[in-house]
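Worksheet for the structure shown next.
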Amino acid sequence: MSEKILIPLDGSTVGEAALRYVEERMSKLALGEKTAVVLFQTITSLTHTIASGESSIKIPYTEGELEQMKKMAMDYLSEAGKNLKSNGAAVECKVALGKSSAKEIIKAESEVGADLVAMSTHGRHGLSRLAFGSVTDKVLRGSTVPVLVVRMPEKAE
1401 MSEKILIPLD GSTVGEAALR YVEERMSKLA LGEKTAVVLF QTITSLTHTI ASGESSIKIP
1461 YTEGELEQMK KMAMDYLSEA GKNLKSNGAA VECKVALGKS SAKEIIKAES EVGADLVAMS
1521 THGRHGLSRL AFGSVTDKVL RGSTVPVLVV RMPEKAE
(Lines of atoms letter the chains of each structure in order from A and count residues from 1; the text may use other names and numbers.)
(Lines give C-alpha, C1' and ligand atoms only; values in the text may rest on other atoms or scores of the structure.)
Protein backbone atom coordinates (compact mmCIF):
# COMPACT_ATOMS: atom_id res chain seq x y z
CA MET A 1 0.00 0.00 0.00
CA SER A 2 1.43 3.37 -0.95
CA GLU A 3 1.16 6.43 1.22
CA LYS A 4 0.67 9.99 0.05
CA ILE A 5 1.58 12.70 2.53
CA LEU A 6 0.54 16.33 2.02
CA ILE A 7 2.90 18.79 3.72
CA PRO A 8 1.76 22.43 3.65
CA LEU A 9 4.66 24.89 3.87
CA ASP A 10 4.66 28.65 4.31
CA GLY A 11 8.37 29.36 3.84
CA SER A 12 9.13 29.78 7.54
CA THR A 13 11.34 27.73 9.85
CA VAL A 14 8.30 26.96 11.98
CA GLY A 15 6.42 25.81 8.91
CA GLU A 16 9.22 23.42 7.99
CA ALA A 17 9.13 21.53 11.32
CA ALA A 18 6.73 18.93 9.88
CA LEU A 19 8.91 18.57 6.77
CA ARG A 20 11.97 17.85 8.91
CA TYR A 21 9.97 15.37 11.02
CA VAL A 22 8.83 13.43 7.93
CA GLU A 23 12.36 13.50 6.46
CA GLU A 24 13.82 12.00 9.63
CA ARG A 25 11.19 9.25 9.78
CA MET A 26 11.61 8.36 6.13
CA SER A 27 15.36 7.88 6.43
CA LYS A 28 14.93 5.75 9.58
CA LEU A 29 12.07 3.65 8.26
CA ALA A 30 13.31 3.45 4.66
CA LEU A 31 9.79 3.95 3.31
CA GLY A 32 11.27 4.55 -0.13
CA GLU A 33 9.13 4.28 -3.24
CA LYS A 34 5.99 3.44 -1.29
CA THR A 35 5.79 7.01 -0.11
CA ALA A 36 4.83 10.03 -2.18
CA VAL A 37 4.98 13.49 -0.71
CA VAL A 38 3.15 16.56 -1.98
CA LEU A 39 4.71 19.82 -0.82
CA PHE A 40 2.04 22.50 -0.89
CA GLN A 41 1.93 26.26 -0.53
CA THR A 42 -0.96 28.69 -0.67
CA ILE A 43 -0.50 32.24 -1.87
CA THR A 44 -3.05 34.28 0.06
CA SER A 45 -1.77 37.77 -0.70
CA LEU A 46 -3.83 38.43 -3.80
CA THR A 47 -3.78 42.21 -3.42
CA HIS A 48 -1.31 44.84 -2.35
CA THR A 49 -2.07 48.07 -0.54
CA ILE A 50 -1.08 51.51 -1.72
CA ALA A 51 -1.20 54.21 0.93
CA SER A 52 -1.75 57.85 0.11
CA GLY A 53 -1.84 60.15 3.09
CA GLU A 54 -4.37 58.79 5.56
CA SER A 55 -6.19 56.58 3.08
CA SER A 56 -5.21 53.37 1.34
CA ILE A 57 -6.49 51.27 -1.50
CA LYS A 58 -6.14 47.56 -2.24
CA ILE A 59 -5.11 46.72 -5.77
CA PRO A 60 -5.19 43.15 -7.11
CA TYR A 61 -1.90 41.73 -8.32
CA THR A 62 -1.65 41.37 -12.09
CA GLU A 63 -1.61 37.91 -13.71
CA GLY A 64 2.11 38.41 -14.36
CA GLU A 65 2.79 39.23 -10.71
CA LEU A 66 0.78 36.21 -9.55
CA GLU A 67 2.66 33.96 -11.99
CA GLN A 68 5.97 35.26 -10.62
CA MET A 69 4.79 34.57 -7.05
CA LYS A 70 3.78 31.03 -8.07
CA LYS A 71 7.16 30.45 -9.70
CA MET A 72 8.96 31.62 -6.56
CA ALA A 73 6.78 29.31 -4.44
CA MET A 74 7.47 26.34 -6.76
CA ASP A 75 11.22 27.05 -6.61
CA TYR A 76 11.04 27.11 -2.80
CA LEU A 77 9.05 23.84 -2.66
CA SER A 78 11.44 22.13 -5.10
CA GLU A 79 14.40 23.11 -2.97
CA ALA A 80 12.60 22.04 0.22
CA GLY A 81 11.92 18.60 -1.26
CA LYS A 82 15.52 17.69 -2.11
CA ASN A 83 16.14 15.67 1.08
CA LEU A 84 12.93 13.73 0.62
CA LYS A 85 13.92 12.86 -2.94
CA SER A 86 17.35 11.70 -1.79
CA ASN A 87 15.58 9.40 0.71
CA GLY A 88 13.63 7.78 -2.12
CA ALA A 89 10.29 9.57 -1.90
CA ALA A 90 8.41 10.68 -4.97
CA VAL A 91 7.98 14.43 -4.46
CA GLU A 92 5.38 16.63 -6.12
CA CYS A 93 5.05 20.39 -5.63
CA LYS A 94 1.74 22.22 -5.78
CA VAL A 95 0.88 25.91 -5.38
CA ALA A 96 -2.63 27.32 -4.99
CA LEU A 97 -4.07 30.83 -4.91
CA GLY A 98 -6.76 31.52 -2.34
CA LYS A 99 -7.96 33.69 0.49
CA SER A 100 -7.76 30.97 3.15
CA SER A 101 -4.75 28.69 3.59
CA ALA A 102 -6.81 26.24 5.64
CA LYS A 103 -9.50 25.91 2.96
CA GLU A 104 -6.89 25.44 0.24
CA ILE A 105 -5.08 22.75 2.28
CA ILE A 106 -8.34 20.86 2.86
CA LYS A 107 -9.19 21.16 -0.83
CA ALA A 108 -5.70 19.97 -1.83
CA GLU A 109 -5.85 16.88 0.39
CA SER A 110 -8.72 15.50 -1.68
CA GLU A 111 -7.33 16.73 -5.02
CA VAL A 112 -4.03 14.88 -4.51
CA GLY A 113 -5.54 11.86 -2.73
CA ALA A 114 -3.59 12.40 0.49
CA ASP A 115 -3.61 9.68 3.15
CA LEU A 116 -2.10 12.03 5.73
CA VAL A 117 -1.54 15.76 6.21
CA ALA A 118 1.64 16.61 8.14
CA MET A 119 1.83 20.21 9.25
CA SER A 120 3.55 22.42 11.76
CA THR A 121 2.12 24.62 14.46
CA HIS A 122 3.40 27.61 16.36
CA GLY A 123 1.85 26.17 19.51
CA ARG A 124 0.09 29.37 20.53
CA HIS A 125 -2.33 29.26 23.43
CA GLY A 126 -4.97 31.51 24.95
CA LEU A 127 -5.53 35.02 23.64
CA SER A 128 -2.71 34.96 21.09
CA ARG A 129 -4.30 31.89 19.48
CA LEU A 130 -7.67 33.64 19.35
CA ALA A 131 -6.14 36.84 18.00
CA PHE A 132 -4.05 35.20 15.27
CA GLY A 133 -6.28 32.21 14.51
CA SER A 134 -4.82 28.87 13.64
CA VAL A 135 -4.57 27.39 10.18
CA THR A 136 -3.61 24.09 11.82
CA ASP A 137 -6.71 24.14 14.02
CA LYS A 138 -8.97 24.80 11.02
CA VAL A 139 -7.36 21.96 9.07
CA LEU A 140 -7.70 19.61 12.05
CA ARG A 141 -11.40 20.38 12.23
CA GLY A 142 -12.08 20.22 8.48
CA SER A 143 -9.79 17.46 7.27
CA THR A 144 -11.15 14.11 6.10
CA VAL A 145 -7.79 12.33 6.61
CA PRO A 146 -5.52 12.06 9.66
CA VAL A 147 -3.47 15.18 10.45
CA LEU A 148 -0.04 14.88 12.03
CA VAL A 149 0.73 18.10 13.90
CA VAL A 150 4.38 18.82 14.62
CA ARG A 151 5.22 21.57 17.05
CA MET A 152 8.32 23.64 16.38
CA PRO A 153 11.00 22.40 18.81
CA GLU A 154 12.00 24.90 21.45
CA LYS A 155 15.36 26.47 20.75
CA ALA A 156 18.28 24.98 22.62
CA GLU A 157 19.79 27.44 25.04
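Using the working numbering, read the sequence shown as starting at 1401 and increasing by one per residue. Every residue, glycine too, gets a C-beta built ideally from N, C-alpha and C. Please read these numbers as outputs of a predicted model, since none were measured by experiment.
Taking the Cα positions, R1420 is about 12 Å away from V1549. Burial state of P1460 is exposed, judged by a 10 Å Cβ sphere holding fewer than 16 other Cβ atoms. The three-state reading of DSSP puts S1412 in coil, since its state is none of H, G, I, E or B.
When C-alpha distances from E1511 are compared across H1448, A1473, V1545, the shortest belongs to V1545. Annotation: the continuous alpha helix (DSSP H) that includes V1512 extends over 1501-1512. Across the structure, E1423 and G1498 are spaced so that their CA atoms are roughly 28 Å apart. Annotation: L1516 to N1483 spans about 19 Å, alpha carbon to alpha carbon. Around the CB of Q1468, fewer than 16 other CB atoms lie within 10 Å, so the residue is classed as exposed. For V1539, the CB contacts under 7 Å within the same chain, skipping 5 residues up- and downstream, are A1502, I1505, I1506, V1517, M1519, V1547 in chain order. Taking V1437 as reference, the option from I1407, S1478, M1472, V1535 with the minimal CA-CA separation is I1407. Check the Cα spacing between E1403 and each of M1472, M1426, T1435, G1411: the tightest is with T1435. When rounded, the separation of the alpha-carbon atoms in S1445 and A1473 is 13 Å.
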